[in-house]
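Using our numbering, read the sequence shown as starting at -15 and increasing by one per residue. For every residue, glycine included, the Cβ atom is placed at its ideal position computed from N, Cα and C.
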Amino acid sequence: MIRIFRHYLSSAYIGLFFIEFLMLFFAMYWGADLRFFYTSSWYSDEHIILSSSIFSIVVTTSNVGLGLYRRSLSWDDFHLLSRIGVSFTSSIFVLLVIYYSFPEFTIARSVLVYSFAMALLGMLFCRYIFYAYAKQSNLRKKILVIGVETNASKLVSSNDEYIHRGFEIVACLNLNGSPVKVEGTKIISEYESILSVATELDIDEIVMALDDRRCKFPMDDLLDCKIHGIDVVDLLTFYEREKSMIDLDNIYPSWFVFSDGFSSSGLRNYSKRMVDISASFILLLVSWPFMFIVACAIYIESGFKGPILYRQTRVGAFDKDFDVIKFRSMRTDAELNGAQWAQENDNRVTRVGAFIRKVRLDELPQIWNVFRGDMSFVGPRPERPKFVDQFDKNIPYYRKRHRVKPGITGWAQLCYPYGANEYDAIQKLQYDLYYVKNYSLFLDLTIIVHTIEIVLWGKGAR
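Pasting the structure below:
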């Protein structure tokens, strides 16, 4: 893992990103050669190099947006060919806009056909090599877990669903004769020292996953391991690095103050505000025709009566309430019995509402909230005061997510599906806290690009 501007990225996926970027460049470069194999090309070398650069940038950005370099993808959510197909389709649309707007960049359609054909073959080959390479256990970081109870059990299973596993848990060490709750992993109860176990198993890193923090701490043993080049980390640091989340079960109050992060500066706030205004303005320019069509569809479906927009009170930064604006996607009597969560296949949702919620068009009027400064483009999802009060009573540290402005899109929306109950709120809070702790311009831009996946893939919509 590599940390860039406080955000952890997989070195394996960074390598794949650059390899495929070069492959896409040469896909168009060689695609032009194939097109003019028997005839003379009417393009100069400079034109082909420029067109190849534009092609690789557009397609790579689309690939990033469709989650093709996201390490947290599971096999169930992978669908490689479908994601590549949607990515290429989006890329074609963007390239046509570029060629129409800047005729000097225009390339023949036949060259594009050859280029995308070579790009598809190249990506499939790169992915085949990458996943075969990633399966090699000797290439993963070898982990020794100290603990055998609940924390250790959760840690052992945390890596199961990932396609690319950057680490392998080799064994769990029973430090204090605790009851064993871990399954499917080697348990070590008798040992001379932690260093001897780590040396014998060729361990790269030790993770402390004890349930009881009051138990005897093996300070000297762990210090010996560090001196011999074996990293030692706590559970909070491990989850933050490997899963980009903050583990609520292991937070203690002083951690918020003494951990790195949860800090801000004038420059960071200024740059975030500039990104908010720029991204919202661009989104408004692109989406206003769709917003007009949605408004007409809602008005027609409601029999030319009833509101097109609706306002709802939400909790913003530092617990200040504000009115969020959305396209109305439910019946006007949807909450006669009080506030309630939107459920899957909710019968209160109109036909137009079901579609605009699926593709997130109902969120577009929130651009005005961003312009006003009530919201940011990226941030935790704003919740209603009633739900916030309920969560605050039952979920520790829930209001810490209000240290930043809420957003139209966010890290939790990207990493976790739509939340409809208290359990979901707990899971999403772990990602929200990661964002609040580590937010930066780089992370905001990363989330904005990945939002393409949420819109085009319909991820988490309800």
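Taking 8 Å as the cut-off, the beta carbon of GLU189 is found no closer than this to the beta carbon of ILE211.
Boundaries of the beta strand (DSSP E) harbouring ALA155: 151 to 157, taken from the DSSP string. Residue pairing from DSSP leaves GLY290 without any beta-bridge partner. Straight-line spacing of the CA atoms in SER228 and HIS(-9) works out to 8 Å.
Proximity of the stretch 18 to 36 to the stretch 69 to 77 falls short of the contact definition, fewer than three beta-carbon pairs being nearer than 8 Å. Only exposed fits ILE(-12), as fewer than 16 other CB atoms lie within 10 angstroms of its CB.
Of PHE72, ASP29, SER37, the smallest CA-CA separation from LEU50 is found for PHE72.
Within the stretch 139 to 214, the alpha helix (DSSP H) runs of at least 4 residues that lie entirely inside it are, in chain order, 178 to 184, 203 to 211. Boundaries of the beta strand (DSSP E) around TYR(-8): -9 to -7. For VAL129, the uninterrupted beta strand (DSSP E) run begins and ends at 125 to 130, by DSSP. The stretch 216 to 226 makes contact with the stretch 185 to 200, as at least three CB pairs between them are under 8 Å. In the assembly as shown, ARG93 is an exposed residue. Its beta-carbon has fewer than 16 other beta-carbons within 10 Å. The alpha-carbon separation between ARG335 and PHE375 amounts to approximately 31 Å. Contact annotation: the stretch 262 to 282 touches the stretch 344 to 356, with at least three C-beta pairs closer than 8 Å.
Straight-line measurement puts the Cα of VAL43 at about 24 Å from the Cα of VAL362. In this structure, ASP231 and GLN411 do not form a Cβ contact; the two beta carbons are roughly 11 Å apart against a cut-off of 8 Å.
Each residue's CA atom was taken as its position, placing VAL439 and SER46 some 12 Å apart. SER99 is a Cβ neighbour of PHE39, given a cutoff of 8 Å.
Going by beta carbons, ILE127 and ILE153 fall inside the 8 Å limit.
Per the coordinates, the alpha-carbon of GLY394 lies some 16 Å from the alpha-carbon of VAL343. Within a 10 Å sphere around the beta-carbon of CYS209 sit 16 or more other beta-carbons, which makes this residue buried. Boundaries for SER424: no beta strand (DSSP E) harbours it, and the DSSP string shows neither H nor E there.
Rounded to the nearest whole angstrom, the C-alpha separation of ARG198 and ILE172 is 21 Å. In the three-state scheme derived from DSSP, where H, G and I count as helix and E and B as strand, LYS304 is classed as coil.
About 6 Å separates the beta carbons of PRO291 and ARG312, which is inside the 8 Å limit, making them a contact pair. Membership of THR44 in the alpha helix (DSSP H) is indicated by the continuous run 29 to 49. One Cα belongs to VAL129, the other to SER(-6), and the distance between them is close to 21 Å. By the C-beta density criterion, ARG124 is buried, having at least 16 other C-beta atoms within 10 angstroms.
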